[in-house]
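Protein chains: 2
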Amino acid sequence: MARAATTSDAFNAVAEPRRRAILNYLAMQERPVGEIVDSLGLEQPSVSKHLRVLLEVGLVSVRRDGRRMLYRTNAEAIRPLHEWTETFERFWRHQLSRVKERAEGKSNPPKDSGPNFIPRRKNDFDSNKN
Amino acid sequence: MARAATTSDAFNAVAEPRRRAILNYLAMQERPVGEIVDSLGLEQPSVSKHLRVLLEVGLVSVRRDGRRMLYRTNAEAIRPLHEWTETFERFWRHQLSRVKERAEGKSNPPKDSGPNFIPRRKNDFDSNKN
DNA sequence: TTGACATATTCCTATATAGGAATGTATTGT
DNA sequence: ACAATACATTCCTATATAGGAATATGTCAA
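Chains as they are written, first to last, in the numbering used here: chain D, 307 to 436; chain S, 307 to 436.
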């Protein structure tokens, strides 16, 4: 009766901007927690918690190196998201051409897109602090 | 101090499986609410609420047709997700080849991927009832 | 063993749902 | 005007965070 757990699946896990930032950071190479903390400017407990979520859904893997824990992004786990979004690719291509036609002036003003359109935010995905 | 609103951005909005199902359903063509209710087997108020969220983040658009409201997916709004996931494509390609090498038996057992690996669910994204 | 270093976990709290039930609102046909 | 149709909104509640603070756990060096 509430929102699904962040650990439900990759979709829920990556809904949090800091977790996406962490995934970006760990994509190139494995890193210890401390470096994530320093580089992204987050609190250490916060990073540990986010990593736990990412680990539970398989978005990262870990191995111990002495007293440090080296995390790395498991890109494979992001694939389902990529594939889901991919099914819409052909549609935004079509919509683009339609918009283009309209820009070239093909009469009727779009009495479309209803009551309150309210497109909230822009493209501020990724990163963010704290 | 809690989870970000579902209306924060597309990432949060599509974290809910039923909303993804609705987006899939409305991708091909616009549809009245009633058809979504019947086709996906959800409660009408539930569908209206989900549509409101999708509308607020710009993932769908509406127009009135008599007493019906015709919704349609705005694929363009899914593009940021596609682009974010796309940045990981090259990585899962690399990882795949690494896994392949290992399968062909290149010695050392993967003392990798830490304490409790716990990859929870499989690929049951999309759809779902209620 | 002890202390320092690196992470993880626990506790507490404000907040935002998602579902169910009930009700409100807009629009059309007669 | 009125009933019926099609949606939207409100109310209520159990649940799952995310952040901050404090503390616990694990590992290495001397």
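Don't be surprised by glycine CBs; every beta carbon is placed ideally from N, CA and C.
Give a yes or no on whether 9 angstroms exceeds the smallest Cβ distance from residue i to chain S.
i	result
D/Val339	no
D/Gln350	no
D/Leu329	yes
D/Leu387	yes
D/Val320	yes
D/Ala310	yes
D/His356	no
D/Asn380	yes
Would you grab the beta carbon distance between residue i and residue j for me? Rounded to a whole angstrom, and I think it's under 8 angstroms.
i	j	result
S/Val353	S/Val363	Rounded, the Cβ-Cβ distance is 16 angstroms, inconsistent with contact.
S/Thr379	S/Ala321	Actually they are not in contact, since the Cβ atoms of S/Thr379 and S/Ala321 sit about 17 angstroms apart, beyond 8 angstroms.
S/Ala327	S/Leu346	6 angstroms
D/Gly382	S/Gln401	A small fix is needed here, since residue 382 of chain D is Glu in this sequence, not Gly. With a Cβ gap of about 6 angstroms, D/Glu382 and S/Gln401 count as contacting.
S/Arg385	D/Trp398	6 angstroms
D/Leu387	S/Leu387	7 angstroms
D/Ala316	D/Leu365	6 angstroms
S/Val359	S/Thr313	6 angstroms
Kindly indicate if chain D contains any beta-carbon less than 9 angstroms away from that of residue i.
i	result
S/Arg373	no
S/His400	yes
S/Ile342	no
S/Gly411	Low confidence applies to S/Gly411: its pLDDT is 48, below 50, so where it sits in the model is not reliable enough to give any reading.
S/Phe394	yes
S/Pro323	yes
Where does residue i fall in DSSP's three states?
i	result
D/Lys417	Per-residue confidence for D/Lys417 stands at a pLDDT of 38, beneath the threshold of 50, marking its modelled position as unreliable; no derived number is given.
D/Arg385	helix
D/Val366	strand
D/Arg378	strand
S/Arg309	coil
D/Arg326	helix
S/Glu358	According to the sequence as given, residue 358 of chain S is Arg; it is not Glu. S/Arg358: helix per DSSP, three-state reduction.
S/Asp315	coil
S/Arg373	coil
Can you tell me whether residue i is buried or exposed, with buried defined as 16 or more other CB within 10 angstroms of its CB?
i	result
D/Arg325	buried
S/Pro351	exposed
S/Arg337	buried
D/Ala310	exposed
S/Ala308	exposed
D/Asp252	Nothing can be reported for residue 252 of chain D: it is not among the residues displayed for chain D, which extend from 307 to 436.
Would the beta-carbon of residue i be found less than 8 angstroms away from any heavy atom of the ligand GDP?
i	result
S/His356	No copy of the ligand GDP occurs in the structure displayed, which carries no ligand at all.
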